[in-house]
Amino acid sequence: MNDRVRSGVNEVGFKIGVGPLNYLTSTSSNEFSFSYSELSSKGPFQSFQLKFPFLRTGEQSVTEGYALSTGTVEFRTKNYGMSFGFVASLTDWLNLYMIGDLTVFAGQLKLASYGIETSSTGTLNSNKQVVFSTPVSKTDLTMFQSKEGLSRGLGGATLSYEIGLVWKFFDTFGLKYGGFYQISSFSISEVSGYNWGPGKNPVELSSVPNINSSQSSKEFGSFGANVSIVKNF
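Residue numbering for the sequence shown is 607 to 839, as defined by this note's numbering.
Written out as structure tokens, the structure reads:
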């Protein structure tokens, strides 16, 4: 599966608390703050999925094919965040730092997409060979928007943590290097909209019981290294 989204992000908000961190401190520095922001984004997306045939023991059929979709995605969220961290001087030229961020967001998602899917089914014949049927293609058009709110619309949370060292080349200039881990979880609850396709009646999405999408109850985790230059003015 390959997903691509190209969009601009507009964000406005404020932060209040103790800080910010001074990574080049000669003693110690702390931050504890709360933030609020409103974020909006809109842009095109493309999604491509490819399914290879795979036959498990005991199964009599397999499916292969591909799916391609394109369209626009738009979302607006209200974000409530908390930031915390500290910097401690180890030597005249080395500092230790730790930072963390927790953000809870709630908002609305809108999507308009056009997709095409081609698939064929393979079955085992008497010679234990897989024989595929003639490929079948189908297209559909989907337009929907979620309700707004944490429990009824687009909602979730992101937690990140980073720890590392700061090399102080000068009192106002240094290099920060650390490792981070981030986990995000979000879901889309109630939606309204339609799905159209050749040879079938339009489906009103809010009437579908227990509707789920590929973006429901998603959890993502990531980790890596962060290297940056720090400068005090």
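Note that beta-carbon positions come from the ideal geometry of N, C-alpha and C, so glycine has one too.
How would you label Y783, buried or exposed, when you count the other beta carbons within 10 angstroms and need 16 or more for buried? Counting Cβ neighbours within 10 Å, Y783 comes out exposed, since fewer than 16 surround it.
Opening and closing residue of the beta strand (DSSP E) in which K782 lies: It spans F779 to I794 - the beta strand (DSSP E) in which K782 sits, taken as one unbroken run.
Would you mind sorting Y642 into buried or exposed? The rule is 16 or more other CB atoms within 10 Å of its CB. By the 10 Å Cβ count, Y642 comes out exposed.
Just how far apart, CA to CA, sit S791 and T683? Rounded to the nearest angstrom, the two C-alpha atoms are 14 Å apart.
Please report how far the alpha carbon of K621 lies from the alpha carbon of G671, in whole angstroms. Taking the straight line from one Cα to the other gives about 49 Å.
For G677, which of V772, S689, I835 and K648 has the nearest alpha-carbon? Of V772, S689, I835 and K648, the residue nearest in Cα terms is K648.
I believe E680 touches L645 by the beta-carbon criterion, under 8 Å. Please report the beta-carbon distance rounded to the nearest angstrom. Actually they do not touch by this definition, with Cβ atoms about 12 Å apart.
Rounded C-beta distance between A866 and S634? I'm assuming under 8 Å. One cannot answer for residue 866 here, as it falls past the ends of the chain, which runs 607 to 839.
Pick from G687, F711 and D707 that is closest to R758, judged by C-alpha positions: Nearest to R758 by C-alpha distance, out of G687, F711 and D707, is F711.
For F839, report the span of its beta strand (DSSP E) as first-last. Unbroken run through F839: none, as it is neither H nor E.
According to the neighbour-count rule (16 or more other Cβ atoms, all chains shown, within 10 Å of its Cβ), is F750 buried or exposed? In summary, F750 is buried, with 16 or more beta-carbon neighbours lying within 10 Å of its beta-carbon over all protein chains present.
Tell me whether N616 sits in a helix, a strand or coil according to DSSP, three-state version. N616: strand per DSSP, three-state reduction.
Leaving aside the five residues before and after K753 along the sequence, list all residues of the same chain whose C-beta is less than 8 Å from its C-beta, in chain order. The answer, listed in chain order, is Q714, G759, S795, E796, V797 and S798.
Cβ pair G625, E637 closer than 7 Å: Closer than 7 Å, so yes.
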